[in-house]
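Visitor: Before we start, here is the structure in question, set down as structure tokens.
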Amino acid sequence: MAKEAQTAISPTRAEDYPEWYQQVIRAADLAEASPVRGCMVIKPWGYAIWERMQAVLDEMFKDTGHVNAYFPLFIPKSFLEKEAEHVEGFAKECAVVTHHRLEAGPDGGLVPAGPLDEPLVVRPTSETIIGAMFAKWVNSYRDLPLLINQWANVVRWELRTRLFLRTTEFLWQEGHTVHATGEEAREHTRRMLGVYATFAEETMAMPVVMGEKTAGERFPGAVSTYSIEAMMQDGKALQAGTSHFLGQNFSRAQEIRYQSQEGQLEYAWTTSWGVSTRLVGALIMTHSDDDGLVLPPALAPQQIVIMPIYRNDEQRAEVLAYCERLKAELHDVRWRDDRLRVQIDDRDLRGGEKAWDHIKKGVPVRLEVGPRDIANDSVFMGRRDLGPKEKKGVARAEFVAGVGALLDEIQAGLYQRALAFREANTTQLESRAAFEAYFAEGNTEMAGFAWCYAADDPAYEDLLKELKVTARNIPLADNAATGTCIFTGKTGVPRTIFARAY
RNA sequence: CGGGGCGUAGCGCAGUCUGGUAGCGCGCCAGCUUUGGGAGCUGGAUGUCGCAGGUUCGAAUCCUGCCGCCCCGACCA
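Using our numbering, the first residue of the first sequence is number 71, and each one after it goes up by one.
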């Protein structure tokens, strides 16, 4: 009997973390594999979460002066070839369109026909095609800065895929900007990294470390790559967003030039930055528990679900009317500049089953309203951040008056819990021996983030490979601090975060 | 793309070694009983056993090839 299960998700995180991750996605009905290898179908609840992410981020981009545009899915092969490092970085994982027609084949099937003069690459990212347009749009210093964002799908032919974390096709946004000076472009790169960090922490309730990537982890063609890194509940790091300072590499490759105030023709400075549907995976692995998804209120497509309880049609009418009034009342409440997102779930399901459905989907607040509550003008409330049985009656008026504070409390609590977890699994390591011991197979302590003074040097890359550890980033908050590299003995090097990663 | 594992009803699995043409639990449908917590009883529907060949009187089961999924590795957001 299902009721005997202690948790809604089986296996639990402790039993089998990767399998748990997949079961949460299934239980919350977020996505599933499609007939197309490596490509997923994002189902309505999962897509609604992505739409929330888009809505919040889009506003943040607009607030920092960006406008949206849309560029082609197809990129002529020659465009990608313009920037040497860029070609090398992406060549291995590109889908290529070589024909423009299908014809009837010998076996009643269809065969490609009409070869293209120049193959088209399905965009793995759009620096080159956007750059080609920017070259036309930018003429004078008066045209700068040019701040563009695109919401799009991209394709990277990955060998190993996992729902949300790495799929062949994924959804993302890519910001592309052009600036007159290197300082301004670099500053913008950092600003957008800050936007991502703010989004992660305030909306997703996911603590992140902002930092600069080491040379080996840099975006192909970038001068500097910055990332926000989050810790998942298995201690692994997940890169949740990146921001690249491209220097003049792409403007030189694509002739993005402007005439300065002094009348000189100068190469412009560009940036690019992106976050993807991978954030949904990050969200799952940051907050969810053995009963399924846990959504922070700011991101929840439905923040409150009202479940009417009744025994007959007469009660049904009365209870539903009460619920509708309550919903309207809550809908008028503003929280974080938005109306509350409230749903009445009147599906013909048993109470327990219905409640568990919303628990598995991560809805922050559940309200059960039956004749007994109505008699007291109250609601019976359950919170997703507490246990499934920890429910309590609250006077309706009190609930409505305090709902904003309640959502704040849940949001803040999730962040604090995730932060405490990260801090409990973060350590500073002072020697190579300590490093090896920390990431050793047999270590019973969870291998989380290790902060180490380390030179950005290929000298110890074999060790990292052997331990399956990667340099995540060099934290910006650490800026001035330097020490002696635990691997090479070099002095005056910054601290780097090392971890196993997704 | 290398190593390992797995594809049997919507989901989870047994059956495969020792060929005889399919079963269990959950879910689903119907009826009755229940109803503030993932209901109970009774009855019922659902499978080209991943795909394609081969061996055989007969293949989920044996053989060959392919595809897909999962885990680990290499590569990556």
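We put the CB at the ideal spot given by N, CA and C, even for glycine.
For a quick check, are the C-beta atoms of R193 and L241 less than 7 Å apart?
Guide: no
Visitor: Under the three-state reduction of DSSP, which class applies to V224: helix, strand or coil?
Guide: strand
Visitor: Would you check if there are 3 or more beta carbon pairs closer than 8 Å linking the segment 488-506 to the segment 461-479?
Guide: Contact fails between the segment 488-506 and the segment 461-479, because fewer than three Cβ pairs, one in each stretch, are under 8 Å apart.
Visitor: Measure the CB-CB distance between S346 and M262 and report whether it falls below 7 Å.
Guide: no
Visitor: Sorted by chain position, which residues of the same chain lie with C-beta nearer than 7 Å to K306's C-beta, five sequence neighbours on each side aside?
Guide: A569, R570, A571 and Y572.
Visitor: Count the C-beta pairs between the segment 537-549 and the segment 287-299 that are closer than 8 Å, then say yes if the count reaches three, no if not.
Guide: yes
Visitor: What does the Cβ neighbour count give for T566, buried or exposed, with the cut at 16 atoms within 10 Å?
Guide: buried
Visitor: When you compare the segment 126-139 with the segment 180-190, are there three or more beta-carbon pairs, one atom per stretch, that lie closer than 8 Å?
Guide: no
Visitor: Does the beta-carbon of H170 have 16 or more other beta-carbons within 10 angstroms, so that it is buried, or is it exposed?
Guide: exposed
Visitor: For D408, write down the residues that DSSP places opposite it in a beta bridge.
Guide: D408 pairs with W405.
Visitor: Using beta-carbon positions only, say whether A520 and L534 come within less than 7 Å of one another.
Guide: no
Visitor: Since Q385 and P441 are thought to touch, with beta carbons under 8 Å apart, how far apart are those beta carbons, to the nearest angstrom?
Guide: 6 Å
Visitor: My guess is that G281 and E254 are in contact by the Cβ rule of under 8 Å, so how many angstroms apart are they, rounded?
Guide: That belief does not hold up - the Cβ atoms of G281 and E254 are roughly 21 Å apart, past 8 Å.
Visitor: Looking at the secondary structure, which residues open and close the alpha helix (DSSP H) in which I379 lies?
Guide: I379 -> no alpha helix (DSSP H), and no H or E assigned at all.
Visitor: Are the segment 522-537 and the segment 549-557 touching, with three or more C-beta to C-beta distances below 8 Å?
Guide: yes
Visitor: Taking three-plus beta-carbon pairs below 8 Å as touching, is the segment 430-450 in contact with the segment 401-409?
Guide: no
Visitor: Is the beta carbon of V111 less than 7 Å from the beta carbon of S104?
Guide: yes
Visitor: Just verifying my parser: in three-state terms, what is the DSSP assignment at A338?
Guide: Looking at A338 - three-state DSSP - the assignment turns out to be coil, as it is neither helix nor strand.
Visitor: To the nearest angstrom, how far is it from the Cα of V433 to the Cα of R411?
Guide: 11 Å
Visitor: According to DSSP, is R83 helix, strand or coil?
Guide: coil
Visitor: Hey, how far is the Cα of L186 from the Cα of T340?
Guide: 31 Å
Visitor: With a cut-off of 8 Å, do at least 3 Cβ pairs link the segment 317-324 to the segment 214-223?
Guide: The segment 317-324 vs the segment 214-223: no contact.
Visitor: Ordered along the chain, which non-local residues of its own chain (more than five positions away) have a Cβ less than 8 Å from that of T268?
Guide: Residues M130 of the same chain have their beta carbon placed closer than 8 Å to that of T268, with the five preceding and five following residues left out of the count.
Visitor: Which stretch, first to last residue, makes up the beta strand (DSSP E) that contains M451?
Guide: S448 to R453
Visitor: Rounded to whole angstroms, what's the CA-CA distance from Y87 to M302? Just pull it up for me.
Guide: 11 Å
Visitor: Flag this pair as yes or no: are the beta carbons of V439 and P378 separated by less than 7 Å?
Guide: yes
Visitor: Flag this pair as yes or no: are the beta carbons of W376 and I429 separated by less than 7 Å?
Guide: Strictly speaking, residue 376 in this sequence is Ile, with Trp absent from that position. No, the pair does not count as a contact, with Cβ atoms beyond the cut-off.
Visitor: Rounded to whole angstroms, what's the CA-CA distance from E423 to K431? Just pull it up for me.
Guide: 12 Å
Visitor: In angstroms, rounded to a whole number, what distance separates the CA positions of A139 and M203?
Guide: 12 Å
Visitor: Let me check understanding here. Comparing Cα to Cα, which of E85, R107 and K113 lies closest to R96?
Guide: K113
Visitor: Does the beta-carbon distance from A78 to D361 come in below 7 Å?
Guide: yes
Visitor: Which residue comes first and which comes last in the beta strand (DSSP E) that contains D187?
Guide: Judged by DSSP secondary structure, D187 falls within the beta strand (DSSP E) whose first and last residues are L180 to V192.
Visitor: Give me the Cα-Cα distance between V279 and T356, rounded to the nearest whole angstrom.
Guide: Straight-line Cα distance between these residues: approximately 14 Å.
Visitor: So, at 8 Å on beta carbons, what are the nonlocal neighbours of I326 in its own chain, with the 5 sequence-adjacent residues on each side left out?
Guide: G201, F204, A205, V208, V248, F320, Y337, A338 and T340
Visitor: Between the Cα of W115 and the Cα atoms of G245, L369, S294 and M276, which residue gives the shortest distance?
Guide: L369
Visitor: Alpha carbon to alpha carbon, how far is V435 from Q486? Give it in angstroms, no decimals.
Guide: Roughly 18 Å separates the two Cα atoms.
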